[in-house]
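What follows is a set of notes on a single structure, which appears directly below.
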Amino acid sequence: MIFDLIHHKSRIWVYISSKPLTSYTKNNITCSFNDFKSSWKSHGEQLEGYLKFLKDKILVIGAQYLGSPMCGRSVDAHIRWINEINNDLNLDLLNRNNVAFSINGNITIYHFNELDKLVENGTLNESTTYINSFITTNLEKIQLPFGESPFAEKYFSE
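Quick note on numbering: the sequence shown equals residues 115 to 272 in the working numbering.
Okay, structure coming up:
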């Protein structure tokens, strides 16, 4: 689990930054998130919002809501907030071409189009730790071997 304090079925979003998130940037994101989450609701009920940084490249948002699935408005509000963060801090958190790996304890970001060459030259292999930005619940693993990732079949099937 990513967040120890929230239910395993809670909704999770993972965002990758191609540039390091400095202390200044993290502080701005945290302050902005605290403002945002105070009015974040689904079906009229207050959501419990959670924020976590993994190293200096990954931003994880959690929403504890155990009723029916979160309403579209609450998801839209969250995406609008991410867009504001992107614009205000010159980030690219919604760029789904960014793919993250943990290599020697550091988060390394590659563009999706680079993966073929990186597997071919051995930089990435089945055991390289992949940061799974496709997860949607707190139960799922955010770090897993690249050979167990959504890309595994493309790169490691026989």
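Every residue, glycine too, gets a C-beta built ideally from N, C-alpha and C.
Selected residue, minimal CA-CA separation from R187, among N204, G158, I245: Of the candidates N204, G158, I245, the one whose C-alpha sits nearest the C-alpha of R187 is G158.
Three-state class that DSSP yields for F167 in the structure shown: DSSP places F167 in strand when its eight states are reduced to three.
Beta-carbon gap between A177 and S124 smaller than 8 Å: Yes; because the gap between Cβ atoms is below 8 Å, this pair is in contact.
Backbone secondary structure at R194 - three-state DSSP: R194: helix per DSSP, three-state reduction.
Three or more C-beta pairs below 8 Å linking the stretch 154-169 and the stretch 181-196: The answer is yes - the stretch 181-196 touches the stretch 154-169, with three or more Cβ pairs under 8 Å.
Where the alpha helix (DSSP H) through S137 begins and ends: Where S137 is concerned, the enclosing alpha helix (DSSP H) starts and stops at 137-151.
Backbone CA spacing between D202 and H122 [nearest angstrom]: Between D202 and H122, the C-alpha separation is close to 32 Å.
Limits of the alpha helix (DSSP H) - the one that F270 falls within: Taken as a continuous stretch (DSSP letters only), the alpha helix (DSSP H) holding F270 covers 266-270.
Cutoff 7 Å; reference K166; Cβ partners in own chain excluding five residues on either side: Around K166: I116, F117, V174.
Rounded C-alpha distance that separates G236 from I256: So the alpha carbons of these two residues sit roughly 23 Å apart.
Contact belief for Y224 with V213 at Cβ below 8 Å, rounded distance in angstroms: With a Cβ gap of about 5 Å, Y224 and V213 count as contacting.
Best match in T242, T251, T139 for proximity to L207 [C-alpha to C-alpha]: Here the closest residue by C-alpha is T139.
Whole-Å CB distance - Y244 paired with L258, under 8 Å assumed: Rounded, the Cβ-Cβ distance is 6 Å, consistent with contact.
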